[in-house]
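Peer 1:
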Amino acid sequence: MARGHQKEQARQKAQKEAAKRSAKGSQLGARAAGLQAKHPKDTIPSESEFEKK
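Quick note, the working numbering runs 46 ahead of the 1-based positions in the sequence shown.
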């Protein structure tokens, strides 16, 4: 087990790393944008549009 000074150093190191992780921010916006998928058939014109031509 860590004692005294070693325990204090480990706690400070853990705090610094936690601060680095929290400062990066959220990626939920990028995730939501990446999950916007279109079905391949959505890009094909309808039959009525072909008949017009």
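Using N, Cα and C, we set each Cβ at its ideal position, and we do this for glycine too.
(1) Since Ala-56 and Ala-48 should fall inside the 8 angstroms C-beta cutoff, what is the C-beta to C-beta distance between them, to a whole number of angstroms?
(2) Does DSSP put Gly-71 in a helix, a strand or coil?
(3) What's the gap between the Cα of Ser-72 and the Cα of Lys-84?
Peer 2: Taking the coordinates as given:
(1) 6 angstroms
(2) coil
(3) 25 angstroms
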